[in-house]
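Under the working numbering, think of the first position of the sequence shown as 889, with each following residue one higher.
Glycine included, each C-beta is placed from N, C-alpha and C at the ideal position.
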Amino acid sequence: MKQIDEKDEWYAFNQETIDALLEDGSQADADYTIEHHFASTDFDALEKAAVDAFKAGFEVTDAEELELDDGGEVFCFDAIAERKLSRDPLDKDVDTLLVIADKHNVFYEGWGTYFMPRGEDIDDEGEFLED
889 MKQIDEKDEW YAFNQETIDA LLEDGSQADA DYTIEHHFAS TDFDALEKAA
939 VDAFKAGFEV TDAEELELDD GGEVFCFDAI AERKLSRDPL DKDVDTLLVI
989 ADKHNVFYEG WGTYFMPRGE DIDDEGEFLE D
């Protein structure tokens, strides 16, 4: 049951994030660069997860080492895909990436993207208009 509950939480996150971006004025029909975040203290496990994410069709960034507030170290990478702000493809990506994370015992930490203003929010040089 854990995986079903976890999926439902990520699906809700997907919808909440989509809604927030659109309510803030981001383009509804744009292609977004979606960056799914992975982390682990085990570099080898993380590397294997990156290979599987690549095989699943994602662009994969090089692993980075980060120091935590408590002095510990963690390794992380992003699995990247171009997607519309639509639940179905995002839910499918989450399904795929949760399986990969579970298989390699690494953490899937969600996704992020960049705000893409609607045409009326950009000036002729491509700069954001200020309120």
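Item                                                                                                                                                                        : Value
At a cut of 8 angstroms, does the region 990-1010 reach the region 944-953 through at least three beta carbon pairs?                                                        : no
Quick check: what's the CA-CA separation for A967 versus Q915?                                                                                                              : 22 angstroms
Rounded to whole angstroms, what is the Cα-Cα separation between A989 and R1006?                                                                                            : 35 angstroms
Return the chain-ordered list of same chain residues with a C-beta closer than 6 angstroms to the C-beta of K895, the five sequence neighbours on each side being excluded. : none
Since R971 sits in a beta bridge, which residues does DSSP pair it with?                                                                                                    : Y920
Use the C-beta contact count for M889: other C-beta atoms within 10 angstroms, 16 or more gives buried, fewer gives exposed.                                                : The pLDDT assigned to M889 is 42, lower than 50, so where the model puts this residue is not dependable, and the model offers no usable value.
Tell me whether the beta-carbon of Q852 lies closer than 9 angstroms to the beta-carbon of R971.                                                                            : In the structure as shown, the chain starts at 889 and stops at 1019, and residue 852 therefore has no counterpart that could be examined.
From D981 to T921, what does the alpha carbon distance come to, in whole angstroms?                                                                                         : 13 angstroms
Is it buried or exposed, A937, if we count other Cβ atoms within 10 angstroms and call 16 or more buried?                                                                   : buried
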